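Student: Heads up, the sequence shown stops at 767 in the working numbering, and the numbers go up one at a time, no gaps.
Ideal Cβ placement from N, Cα and C applies to all residues, glycine included.
Please read all numbers here as calculations on a predicted model, not as lab measurements.
Supplied in structure tokens, the structure appears directly below.
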Amino acid sequence: MTMMKKLHLGVAALAISATGAVAQEVEVLHWWTSGGEAAALNVLREDLAGGGIGWTDMPVAGGGGSDAMTVLRARVTAGDPPTAVQMLGFAIQDWAAEGALADLNALAEEQNWNEVVPEALQAFSTYDGNWVAAPVNVHSTNWVWANTALMEELGIEQPGSWEEFVAAMQTAQDAGYTALAHGGQAWQDATIFDSIAMGAGGPEFYQAAFVDLDPEALGGAEMVEAFNRMATLRGFVDDNFSGRDWNLATAMVINGEALFQIMGDWAKGEFVNAGMTAGEEFQCFRVPGSEGTVTFNSDQFAMFNVEGDAADSQVAMASAVMSPEFQIAFNVVKGSAPARTDIDPSSFDACGQAAMADLAAAGDAGTLFGSMAHGHANPPSIQNAMYDVITAHFNGEFDAETAAEEMVTAVELAQ
Ligand code: BGC
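Here's what the structure looks like:
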């Protein structure tokens, strides 16, 4: 309560000092539509309301944001961009290259963003040395979410290797449970693939295949192994997985129908929203094989070129988003880590603290990689080409060898 009050005052004061007048309204395009996401969004909305900034909501459902990006393109083409847009990685860079984004340099300088935002995020928030987006958080995709009661009932310990992970899922399936809660949507298949590929091939392979787009890595033995592991996972999903939304898959773990879900830590927002406690009713651990590495994505608010009051509101919103108090209040609900390096982890639960520690350690060790599935390893055109192959393989169209060959061809054609 005290924190929220302080936060509101902070926004109001900054809105006045940055612009000379109280800003009034932001229209925000985003894809935060699940229960946990909506709860986090509300933290932002109320924070802005406390500073006198109104909110026009423009939700476009669909994890990974592909659908949101389609709607955005239509809005910009019609000459009517929203004030602020939830955006990931390379998409920010693409829009900045088109000259569509506003310049947040004055605020960034005043608030010293260069010093407090991790460099891995700045690579996406800035274009040509100018700040064009305000980062809200850091998520990572290489997590397993597990139901503690079900683990105990089945006598399952946290798996420490790929083989133990598979054995645990076999135990759950044999006992009549869904071993792996999953939704068959291209972005979810790709989200799983992030950590499966990392586990199968290691960090150098991840870099070569997804960042450098090296054909030898794309079509090599590690890629074949990654697809083989995906086929193993396919054997552990239930019959109704096709098209299921990610949060409904999370609900299966929450309800004890399913043992595990591999998903980014936005899934934690669903557990928290259901009143469950990290490390008690649910567990988080890194996808076996990917320990010591982090595949991250950062939600950022990209600000489009708008004029007058709307531009003032953008500055006020960016200022609110970057405040340390807001970064805590929002991210404990969202399931993510803060987008600043100067935040005390003590307000975060066990999984949040692990996420913050893992991010810092991976950053130091050189094992922090942008998530392919969530737009931080390569541009949207390549990412979509990869999605197509991963999903086609998951649905049985290709065997592992063919899928690896298809990766090479698809990436070549998309460049
Ligand atoms: C975003 C998360 C979001 C998730 C599922 C990711 O791309 O970064 O903020 O919760 O998609 O919608």
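Under 7 Å between the Cβ atoms of residue 760 and residue 571?
Tutor: Here residue 760 refers to the residue found at position 408 of the sequence shown. Here residue 571 refers to the residue found at position 219 of the sequence shown. Yes. Within cutoff.
Student: Could you name the residues of the same chain whose beta carbon sits closer than 7 Å to that of residue 500, not counting the 5 residues immediately before and after it, in chain order?
Tutor: Locating residue 500 in the sequence shown gives position 148, counting from the first residue. Same-chain partners within the cutoff: 632, 633, 634, 635.
Student: Roughly how many angstroms separate the alpha carbons of residue 722 and residue 579, rounded to a whole number?
Tutor: For this step, residue 722 is matched to residue 370 along the sequence shown. For this step, residue 579 is matched to residue 227 along the sequence shown. One C-alpha to the other measures close to 20 Å.
Student: So, for residue 762: in the same chain, excluding its five sequence neighbours on each side, which residues have a beta-carbon less than 8 Å away from its beta-carbon?
Tutor: Position 410 of the sequence shown holds residue 762. The residues are 737, 738, 740, 741.
Student: Excluding the 5 residues preceding and the 5 following residue 416 in the sequence, name in chain order all residues of the same chain whose CB lies nearer than 7 Å to its CB.
Tutor: For the purposes of this step, residue 416 is taken as the residue at position 64 of the sequence shown. Around residue 416: 539, 725, 726.
Student: Taking Cβ positions, are residue 730 and residue 489 nearer each other than 7 Å?
Tutor: Walking along the sequence shown from the start, residue 730 turns up at place 378. Walking along the sequence shown from the start, residue 489 turns up at place 137. Cβ distance not < 7 Å, so residue 730 and residue 489 don't count as in contact.
Student: Near residue 652, what residues of its chain come up, given a Cβ to Cβ distance below 7 Å and the 5 sequence neighbours on each side ignored?
Tutor: Indexing the sequence shown from 1 puts residue 652 at position 300. Answer for residue 652: 439, 444, 476, 477, 485, 486, 487, 488, listed in chain order.
Student: Which of helix, strand or coil does DSSP assign to residue 529?
Tutor: Within the sequence shown, residue 529 is the residue found at index 177, counting from 1. Residue 529 falls in the coil class under three-state DSSP.
Student: What residue from 399, 706, 532, 393 has the CA that sits closest to residue 518's CA?
Tutor: Here residue 518 corresponds to residue number 166 of the sequence shown, with the count starting at 1. Among 399, 706, 532, 393, the Cα nearest to that of residue 518 belongs to 532.
Student: My parser needs the beta strand (DSSP E) runs of 3 or more residues fully inside the segment 382-431; what are they?
Tutor: Whole beta strand (DSSP E) segments, 3+ residues: 406-411.
Student: Give a yes or no on whether 7 Å exceeds the smallest Cβ distance from residue 400 to chain B.
Tutor: Within the model displayed, chain B is absent; a lone protein chain is all it includes.
Student: Would you kindly work out how many angstroms separate the C-alpha atoms of residue 569 and residue 642, rounded to a whole number?
Tutor: For the purposes of this step, residue 569 is identified with residue 217 of the sequence shown, where counting begins at 1. For the purposes of this step, residue 642 is identified with residue 290 of the sequence shown, where counting begins at 1. Their backbone Cα atoms lie some 18 Å apart in a straight line.
Student: Please state whether DSSP places residue 453 in a helix, a strand or coil.
Tutor: As a working mapping, residue 453 is identified with position 101 in the sequence shown. Here residue 453 sits in strand by DSSP.
Student: To the nearest angstrom, how far is the alpha carbon of residue 766 from that of residue 649?
Tutor: Position 414 of the sequence shown holds residue 766. Position 297 of the sequence shown holds residue 649. The straight-line gap from Cα to Cα measures roughly 22 Å.
Student: When DSSP labels each residue in this structure, what does residue 645 get in the three-state scheme?
Tutor: Residue numbering aside, residue 645 sits at position 293 when the sequence shown is read from its first letter. Residue state, collapsed to three classes: coil.
Student: Alpha carbons only, please: which of 708, 503, 547, 626 is nearest the one belonging to residue 529?
Tutor: Taking the sequence shown and counting its residues from 1, the one referred to as residue 529 is at position 177. Closest by alpha carbon: 503.
Student: Could you pull out every residue in the same chain whose Cβ sits closer than 7 Å to the Cβ of residue 558, ignoring the five residues on either side in sequence?
Tutor: As a first step, residue 558 must be located in the sequence shown, where it is residue number 206. The answer, listed in chain order, is 549, 550, 721.
Student: Identify the residues that DSSP records as bridge partners of residue 485: which are they?
Tutor: Translated into the one-based positions of the sequence shown, residue 485 becomes position 133. For residue 485, which the question treats as bridged, DSSP gives the partners 654.
Student: For the alpha helix (DSSP H) containing residue 669, name the first residue and the last one.
Tutor: The sequence position of residue 669 within the sequence shown is 317, counting from 1. 661-674 is the extent of the alpha helix (DSSP H) around residue 669.
Student: Any idea which residues DSSP pairs residue 536 with across the strands?
Tutor: One-based indexing of the sequence shown puts residue 536 at position 184. Answer by DSSP bridge pairing, in chain order: 594.
Student: Any heavy atom of ligand 1 within a distance shorter than 6 Å of the CB on residue 622?
Tutor: As a working note, residue 622 is residue 270 in the sequence shown. Outside the cutoff, so no.
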